[in-house]
Structure formats: structure tokens, C-alpha cells
Amino acid sequence: MKFTSFIAQRYIFSKKSHHFFAIISVLTITGVVIGTAAMIVVLSIFNGFETQLRNNFLAANAHVIMYQNQGIKDHHHIEKATNKLLMQDRLSGTAPFVYAETMAEHGSGLVNVMIKGIDPIKREDVQSIRGIIHPKNALIKLQKEMNAKKTPSIPSVIIGSGLSRLLEADIGENISLIAPGKENIFGLFHDHKIIGIYDSGLSHYDNKLVILTVPAAQKLLSMGSRVTGVEIGLDEPWDSTEIKNKLHKHFPHFVIKKWQEFNPAIFENLSTERVLVGLLVALVVLVGCFNILTTLFISVFQKERDISLLRSMGCSQLGIMKIIVQKGFFIGLLGSCIGSVLAFFVAKGLEKYQIITLPDVYMLASLPVEYNPSVYLLITAVSMVVASGAGILPAYAAIKQNPSVSLKSRGT
321 MKFTSFIAQR YIFSKKSHHF FAIISVLTIT GVVIGTAAMI VVLSIFNGFE TQLRNNFLAA
381 NAHVIMYQNQ GIKDHHHIEK ATNKLLMQDR LSGTAPFVYA ETMAEHGSGL VNVMIKGIDP
441 IKREDVQSIR GIIHPKNALI KLQKEMNAKK TPSIPSVIIG SGLSRLLEAD IGENISLIAP
501 GKENIFGLFH DHKIIGIYDS GLSHYDNKLV ILTVPAAQKL LSMGSRVTGV EIGLDEPWDS
561 TEIKNKLHKH FPHFVIKKWQ EFNPAIFENL STERVLVGLL VALVVLVGCF NILTTLFISV
621 FQKERDISLL RSMGCSQLGI MKIIVQKGFF IGLLGSCIGS VLAFFVAKGL EKYQIITLPD
681 VYMLASLPVE YNPSVYLLIT AVSMVVASGA GILPAYAAIK QNPSVSLKSR GT
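The numbering of the sequence shown is my numbering, which starts it at 321 and goes up by one.
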């Protein structure tokens, strides 16, 4: 161990005769612990919140969708062309979809719904929804209907959990979907059997979504062989902007949207709130920085005689500065490491015991947490840099002391 590092570590906690200074050191390290832990927990919650929201939104909407208002006649050709165009872009899959808004009836209940026709196998390649549908075999049943030569007289549907409650309809029961038709201004009622419940945690979809096969949706809406559009899944969601631009050049007659455009206000507000809350929590770190600054200044003046002795023994001004700065570094290192461990256990506690519940406006029932090693490393590194930087001013004050004057004043 280097001489300056050894002295710096010895100076963090004074000898037994200086209990007051030892208490100050403990409080300073505690400030760094609290600041580091708070920053990590806040960022972990915001990252988890955004990730959970994005995954839930993408369960109903792919990373990129392309469609035409009048529908697409030959979606197989469009899918092949898309796969060929994006074969170098980590494409996870493409899938046709049919979308329309209509109404559903069960008993005396009549509710606005969103119909979405899918190809279950292809949709799983785009973005898996298996984890938010129960029972687990509902998608398998839907796929069997998809592969059948003829659409059954009563097609199967998977409905949102909120819609199930609104209609008071459960698995095994039938609901009627209104198909807009020319014969009747109010459309026609078609029975469909509920085989599964869709529960994403997002009320916007859970209260309205009805999933059925592409052929069943085409038949209900009298679309023939046309589909509304094609969904595109990516291995990396953040590539959506680049992919959208590339698709727009090759398919200028299509409307192309990326997932960020589906609910822009939510994600923009989330980013703004992350910055504001991050700044507020950063003030805690700043307070910790001033605590370190104060502690090191007290240390410099308390150890004035020791510093003078080191200078008289040949220690350079740079060596003295290193001792003070390294002391700040070790305080930051100790505090940030303890803070990281504390943040991990606090996050685990919030995730396990669900102490904080969210109102409906946030669309998620519980507080999600994301454990990202880069966040822990970044905040720990920032805390250590801030703590080291806090030692520069006290270090400069230390080298400005006159060794001979300090020794005389202490001697008398």
C-alpha cells in the first residue's frame, strides 16, 4: 500500500482520544450511503416502471406496425418483402393483424371494444403475450382455429380481464360482437366463445381488447382476404426509429408507426419525472458532498501539526494533497459500496412486500423494480468522484499551511 493511501485510511477514523471527529466521519459516510442508496432506488424504480409499461404496451402493439386504411390484400408478399429488407436488422418476426372498434354484448351489458385478429404463432415471434393470458392453453386453442380450413360457427375469443368484469362474462360463456353491415345500421350480432382472459395490467387494453384469429376477424368485418396491416418485432426495441425510416423509404404508401408513438404522452411525462426526481435526489448527494468537505476541512485543521511534521520529514505538497483527496475517495468508496448494498435490499423489499400501491392513473397495480448493474456501477462511480472532488479545496488549504509556524504554535 502506498504511503499516502495508508495515511489517508488512518485519518478516516481518529484515535480514541478524538471521539467527536470519529462521530463526524461516521455521519459523513452515512450521508454518502443515504445519497447513493436513494439515487439507485429511484433510478431502479423509474427504469422498472418504464420497462414494465413498454412490455405491457407492446403486448398489444408491436415495436413497429405498418398498415393501410383500406387494408392490405396480399399480406404474405408484404411480410416476405419486409423480412428480406430487414434481414440484417435483428428482426424477431412479422405477423398480420386485423383491427377494428365495435361493441360487445353479454346479458344486458353493451360495451365499446377493440377487436384484434392475430395469427397466434406469428404474433409470439413478434412479441410474446403467452405470459399475460390464462389459461395457458388459450393461445393453442386459438392457433388450432387459425389452422382449420373453415372458421367455426362460434369462433373463440380471448377478452381483457377488465372487459370480463364489465360484461360479467367468464371463460366458457358466449359474448356477441357487433359486425357493421349494410343490412342494418346498427350492424349484426355474432356469438363468440370466451376461451381465455387477457390481463396486461393496463386498463386501456384490459377493459376493451378482444383477441380472435385473423380469419374470424376477417369474417366478422367482411374483409375477405384483406388484413389491416403487418406487425414487426425487433430484438432491440430502441432500433424502432431506424427501422421505421428504412421501411418508409421502401413502402411510401403505408402508414408506419413505432411503439413510442402509440402512447407518447406517458413516456414523455415519465422521462420528465425521472429527470426532476433525479435532480431532487441528487441534492442529497450534494449535501453529502458538503458534509465531506466540512469533515475534511476539520481534519486539515485538527491534523495541522501532523501535516507539518510530514512536511518537515520531506513529504511533498503533492503528497499532502493526495492524502486529503484520497481520504475523501475512501469515504466515498465506503459510503457508495454500503449504499449500493442497502439500495439492493430496499428495492427487494419494495418488490416483495408491495408496500407502495399505485393508483389507476399509472396503469400498473404494483411498483416495478429493475436491477440494472450499470445503474449501480454508475451511481457508485459518481459518488466516489464527488467525494474525491470534495477533497480538493481542503487539500489546497493544507498545503498553504506554514510547517514551521504550525509546529511553533502547537509547541507553545
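Think of the CB as a built atom: it goes at the ideal place given N, C-alpha and C, for glycine as much as any other residue.
Legend entry - Entirely enclosed beta strand (DSSP E) segments - the segment 374-409, minimum 3 residues: 384-392
Inset, instruction - Look at the Cβ atom of L662, then the Cβ atom of V689, and state whether they are nearer than 8 angstroms. - result: Taking the first residue of the sequence shown as 1, we reach residue 662 at position 342. Taking the first residue of the sequence shown as 1, we reach residue 689 at position 369. No, they are not a contact pair.
Inset, instruction - Would you mind giving the Cβ-Cβ distance between G608 and G351, rounded to the nearest angstrom? I have them listed as a contact below 8 angstroms. - result: Against the sequence shown, residue 608 aligns to sequence position 288. Against the sequence shown, residue 351 aligns to sequence position 31. Going by Cβ atoms, the distance from G608 to G351 rounds to 4 angstroms, so yes, they are a contact pair.
Inset, instruction - Take every Cβ of the segment 429-441, pair it with every Cβ of the segment 573-584, and state whether three or more of those distances are shorter than 8 angstroms. - result: no
Inset, instruction - In the DSSP assignment, find the unbroken alpha helix (DSSP H) run with K436 in it and report its ends. - result: As a first step, residue 436 must be located in the sequence shown, where it is residue number 116. Here K436 belongs to no alpha helix (DSSP H); instead the beta strand (DSSP E) covers 429-438.
Inset, instruction - Return the first residue and the last residue of the beta strand (DSSP E) that L529 is part of. - result: Locating residue 529 in the sequence shown gives position 209, where the first residue counts as 1. It spans 529-533 - the beta strand (DSSP E) in which L529 sits, taken as one unbroken run.
Inset, instruction - Specify whether the segment 517-526 and the segment 388-395 touch according to this definition: at least 3 beta carbon pairs, one from each stretch, less than 8 angstroms apart. - result: no
Legend entry - At least 3 beta-carbon pairs within less than 8 angstroms: the segment 414-431 vs the segment 532-550: yes
Inset, instruction - Compute the beta-carbon to beta-carbon distance between S481 and L462, rounded to the nearest angstrom, for a pair I have assumed lies under 8 angstroms. - result: Here residue 481 corresponds to residue number 161 of the sequence shown, with the count starting at 1. Here residue 462 corresponds to residue number 142 of the sequence shown, with the count starting at 1. S481 to L462, Cβ: 17 angstroms. No contact.
Inset, instruction - At 3 residues or longer, and completely inside the segment 453-490: list those beta strand (DSSP E) runs for me, N to C. - result: 476-480
Legend entry - N- and C-terminal bounds of the alpha helix (DSSP H) containing M704: Translated into the one-based positions of the sequence shown, residue 704 becomes position 384. Note, M704: alpha helix (DSSP H), 693-709.
Inset, instruction - Give me the Cβ distance between G655 and S703, rounded to the nearest whole Å; I'm assuming they're in contact under 8 angstroms. - result: On the sequence shown, position 335 is the one that residue 655 refers to. On the sequence shown, position 383 is the one that residue 703 refers to. With 8 angstroms as the limit, G655 and S703 qualify as a contact, their Cβ atoms being about 7 angstroms apart.
Inset, instruction - Provide the residue span of the alpha helix (DSSP H) that contains H426, from first to last. - result: The residue you call residue 426 lines up with position 106 of the sequence shown. No alpha helix (DSSP H) contains H426, which is instead part of the beta strand (DSSP E) from 411-426.
Inset, instruction - In the DSSP assignment, find the unbroken alpha helix (DSSP H) run with I675 in it and report its ends. - result: For the purposes of this step, residue 675 is taken as the residue at position 355 of the sequence shown. I675 -> no alpha helix (DSSP H), and no H or E assigned at all.
Inset, instruction - Give every residue of the same chain whose Cβ lies closer than 6 angstroms to the Cβ of G355, excluding the five residues on either side of it in the sequence, and list them in chain order. - result: Position 35 of the sequence shown, counted from the first residue, corresponds to residue 355. Excluding sequence neighbours, G355 sits near V604, V605, G608.
Legend entry - L497 in three-state terms, based on DSSP: Taking the sequence shown and counting its residues from 1, one reaches residue 497 at position 177. L497: strand per DSSP, three-state reduction.
Legend entry - Best match in L373, K442, R374, V418 for proximity to N403 [C-alpha to C-alpha]: Counting from one through the sequence shown, the residue named residue 403 turns up at place 83. Closest by alpha carbon: K442.
Legend entry - Nearest candidate by alpha-carbon position, reference V361, set G711, I699, M386: Stepping through the sequence shown from its first residue, residue 361 is reached at position 41. The shortest Cα separation from V361 among G711, I699, M386 belongs to I699.
Inset, instruction - Tell me whether the beta-carbon of I498 lies closer than 8 angstroms to the beta-carbon of M423. - result: Here residue 498 refers to the residue found at position 178 of the sequence shown. Here residue 423 refers to the residue found at position 103 of the sequence shown. In this structure, M423 lies closer than 8 angstroms to I498 by Cβ.
Inset, instruction - Provide the residue span of the beta strand (DSSP E) that contains L554, from first to last. - result: Here residue 554 refers to the residue found at position 234 when the sequence shown is read from its first residue. That run of the beta strand (DSSP E) goes 547-554.
Inset, instruction - Select from H383, N376, F366 the residue whose C-alpha is nearest the C-alpha of R594. - result: In the sequence shown, residue 594 corresponds to position 274, counting from 1. Nearest option by C-alpha distance: F366.
Inset, instruction - Could you tell me the distance, in whole angstroms, from the CA atom of S545 to the CA atom of V534? - result: For this step, residue 545 is matched to residue 225 along the sequence shown. For this step, residue 534 is matched to residue 214 along the sequence shown. Taking the straight line joining both Cα atoms gives about 9 angstroms.
Inset, instruction - Report yes if the C-beta distance between L567 and K528 is below 8 angstroms; otherwise report no. - result: Position 247 of the sequence shown, counting from 1, holds the residue named residue 567. Position 208 of the sequence shown, counting from 1, holds the residue named residue 528. No, the Cβ-Cβ distance between L567 and K528 is not below 8 angstroms.
Inset, instruction - Select from A358, E581, V346 the residue whose C-alpha is nearest the C-alpha of F665. - result: Residue mapping note: residue 665 aligns to position 345 of the sequence shown, counting from 1. Of A358, E581, V346, the residue nearest in Cα terms is A358.
Legend entry - Of the residues E588, N467, I651, the one placed nearest L613, counting alpha carbons only: As a working mapping, residue 613 is identified with position 293 in the sequence shown. For L613, the nearest C-alpha among the options comes from I651.
Legend entry - Those residues which DSSP pairs with D511 across a bridge: Indexing the sequence shown from 1 puts residue 511 at position 191. According to DSSP, which records beta bridges pairwise, D511 is partnered with S496.
Inset, instruction - Provide the residue span of the alpha helix (DSSP H) that contains G449, from first to last. - result: Here residue 449 refers to the residue found at position 129 of the sequence shown. Sequence check: residue 449 is Ile here, not Gly. Premise fails: I449 is in no alpha helix (DSSP H) and is neither H nor E.
Legend entry - Bounding residues of the alpha helix (DSSP H) (the contiguous stretch that carries H524): Looking up residue 524 in the sequence shown gives position 204. Run containing H524: 523-526, per the alpha helix (DSSP H) assignment.
Inset, instruction - Within 10 angstroms of the Cβ of T561, are there 16 or more other Cβ atoms? Answer buried if so, exposed if not. - result: Numbered from its first residue, the sequence shown carries residue 561 at position 241. Flag for T561 reads exposed.
Inset, instruction - Have a look at G391, L363, E399, K470 and flag the residue whose alpha-carbon is nearest the alpha-carbon of N692. - result: As a position in the sequence shown, residue 692 is number 372, starting the count at 1. Out of G391, L363, E399, K470, L363 has the C-alpha closest to the C-alpha of N692.
Inset, instruction - Return the chain-ordered list of same chain residues with a C-beta closer than 7 angstroms to the C-beta of L487, the five sequence neighbours on each side being excluded. - result: Locating residue 487 in the sequence shown gives position 167, counting from the first residue. These residues qualify, in order along the chain: A424, H426, G429, V431, I495.
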